[in-house]
Amino acid sequence: MPDAMEFEPAPLEMETVLNPAWLERALCRDGQLVEIEKVELVETIGWNCLNLRVKLTFADRGQPEGLPERLCIKGLFGEQHPEYLKNGALVADTLFYTEVLPRITMKAPRCYYGGVDERGSGVVVLEDLTERDVRFFDHRTALTLDQVRDTLDQLARLHGGMSNMRPDELPWLRDKLDVFSIPIAVTPERLSEAMHGQRGDPLPEKQKDGSRIYNGLKALARRAEQLPVTAIHGDCHIGNIFETEGSFGFIDFQIVQRGHWSLDLPYHIGSVLTVEDRRAKERDLVRYYLDRLGDHGGDPPDFETAWRLYREGAAYGFFLWSVTMRVDAPIVNEAVKRLGLLVADHDSYGLLGL
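Numbering (our numbering), first residue to last: 2 to 355.
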């Protein structure tokens with residue numbers, strides 16, 4: 002086992018985290034002996050924030066009870082993009098598992114190690130969900146209404162469970178609206194151009210204006226100054242949920258943030274349902290969520306207040322997918338359609354004064 006001074010908590014090199022000695026140190030808990038003879042890389046998933054599916058071969062008596070042979074290691078490996086280190090995406094993801102998840106009852110992958118460093122790197126070792134007959138989703142699919150009630154209950158567990166968070170707690174958990182509203186990779190001009198392509202075809206013309214989309218986020222940032230905050234997932238679309246054993250959980254907490262639940266709620270409902278189902282049932286689903294939020298420790302407002310916040314907050318999820326450029330076109334186009342029509346149906350920009 003390497004000396005404590007030699008241990009890197011969040012390596013950027015894939016070779017380091019695949020080294021048996023590094024994993025022995027990372028997975029050691031409460032003095033339990035961990036001895037790994039071999040680490041087999043089963044699969045590499047992702048293009049930059051990589052998930053490494055691995056299979057471990059333990060020495061005799063070197064496998065503590067409860068530590069599985071198959072794990073998933075997530076980090077910034079391979080080609081490194083400075084913006085990922087700068088924005089701390091993997092730091093937030095890692096610290097969610099180590100500092101937030103233990104405080105709530107939300108279903109997420111089991112975590113066996115999480116480490117961060119001053120560079121902005123984060124590495125987390127999670128269970129391999131494929132060992133549990135898991136089902137994943139994307140925007141080419143949709144959930145049933147019963148399934149959405151399950152996922153809304155999970156979000157309420159996060160929002161309600163963290164609603165008593167003190168302002169000085171978890172300083173790494175920050176509001177991200179101001180940061181997101183500063184164009185970097187996708188300028189308003191480039192966004193307008195993209196929205197006048199296939200992704201924007203189902204939407205009203207005025208909703209294809211890149212400057213208006215960015216201004217919607219700025220308006221949400223101003224609104225946030227008057228609202229109570231909790232921990233929100235921040236990217237709770239259909240591709241970041243999973244189903245095992247008949248119940249749902251969430252993954253990918255890279256933009257978990259301090260904010261109001263009305264950013265997550267319309268984003269999630271608008272993403273996971275077909276437009277037709279969402280239009281027919283969203284009022285009932287908002288009422289259901291408010292009930293669950295109260296049951297899990299939150300302080301829900303009256304329905305009319307919540308409904309307006311929901312309608313305004315729809316601009317958040319639409320922004321995130323309108324600026325998405327690196328995901329397959331069929332997935333992006335359906336996401337922009339679902340979330341864009343949610344904004345159009347509710348006149349979200351009008352409610353925000355735009």
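Note that beta-carbon positions come from the ideal geometry of N, C-alpha and C, so glycine has one too.
Between residue i and the rest of its own chain, which residues show a CB-CB distance below 6 Å, the 5 nearest in sequence each way excluded?
i: residue 8; result: 26
i: residue 358; result: For the chain, the structure presents residues 2 to 355; residue 358 sits outside this window and is missing.
i: residue 240; result: 139
i: residue 144; result: 273
i: residue 332; result: 139 and 140
i: residue 299; result: 160, 161 and 164
i: residue 46; result: 52
Cα-Cα, which of the options is closest to residue i?
i: residue 161; options: 117, 32, 352 and 261; result: 261
i: residue 37; options: 146, 21, 136 and 179; result: 21
i: residue 199; options: 342, 210, 341 and 334; result: 334
i: residue 309; options: 271, 329, 321 and 267; result: 267
i: residue 84; options: 148, 186, 191 and 32; result: 186
i: residue 229; options: 167, 290 and 182; result: 167
i: residue 102; options: 158, 61 and 77; result: 158
i: residue 111; options: 252, 293, 342 and 302; result: 252
Distance, Cα to Cα, residue i vs residue j?
i: residue 164; j: residue 155; result: 14 Å
i: residue 221; j: residue 315; result: 10 Å
i: residue 14; j: residue 24; result: 13 Å
i: residue 347; j: residue 17; result: 50 Å
i: residue 278; j: residue 284; result: 11 Å
i: residue 180; j: residue 65; result: 43 Å
i: residue 5; j: residue 62; result: Any reading at residue 5 is ruled out, since the residue's pLDDT is 49, under 50, leaving its predicted position unreliable.
i: residue 193; j: residue 113; result: 43 Å
i: residue 134; j: residue 312; result: 36 Å
i: residue 340; j: residue 326; result: 16 Å
i: residue 202; j: residue 224; result: 30 Å
i: residue 206; j: residue 176; result: 31 Å
How would you write the range of the alpha helix (DSSP H) that residue i sits in, first residue to last?
i: residue 221; result: 211-225
i: residue 123; result: No alpha helix (DSSP H) contains residue 123, which is instead part of the beta strand (DSSP E) from 123-128.
i: residue 313; result: 304-323
i: residue 193; result: 189-196
i: residue 295; result: 276-296
i: residue 113; result: Here residue 113 belongs to no alpha helix (DSSP H); instead the beta strand (DSSP E) covers 112-117.
i: residue 243; result: First-last for residue 243: 242-245, but that is the beta strand (DSSP E), not the alpha helix (DSSP H).
Please work out which residues of its chain come closer than 8 Å, Cβ to Cβ, to residue i, disregarding the five sequence neighbours upstream and downstream, and give them in chain order.
i: residue 10; result: 116, 117, 118 and 124
i: residue 86; result: 77, 120, 121 and 122
Within the continuous beta strand (DSSP E) that includes residue i, where are the two ends?
i: residue 43; result: 37-46
i: residue 232; result: 231-233
i: residue 74; result: 71-77
i: residue 263; result: Residue 263 -> not in any beta strand (DSSP E); alpha helix (DSSP H) instead, spanning 262-273.
i: residue 251; result: 248-251
Evaluate residue i with the Cβ neighbour count: other Cβ atoms within 10 Å of its Cβ, from every protein chain shown; 16 or more gives buried, anything less gives exposed.
i: residue 248; result: exposed
i: residue 43; result: exposed
i: residue 34; result: exposed
i: residue 107; result: buried
i: residue 242; result: buried
i: residue 231; result: buried
i: residue 12; result: buried
i: residue 336; result: buried
i: residue 196; result: buried
i: residue 330; result: exposed
i: residue 281; result: exposed
i: residue 258; result: buried
i: residue 319; result: buried
Once the 5 residues before and after residue i are set aside, which same chain residues still bring their CB inside 7 Å of it?
i: residue 2; result: Interpretation of residue 2 is limited by its pLDDT of 44, a score under 50 that renders its predicted location unreliable; no figure is taken from the coordinates.
i: residue 254; result: 93, 94, 97 and 234
i: residue 1; result: Past the edges of the chain, shown from 2 to 355, lies residue 1, and the structure says nothing about it.
i: residue 100; result: 171
i: residue 56; result: 41, 43, 70 and 71
i: residue 323; result: 192, 196, 214 and 337
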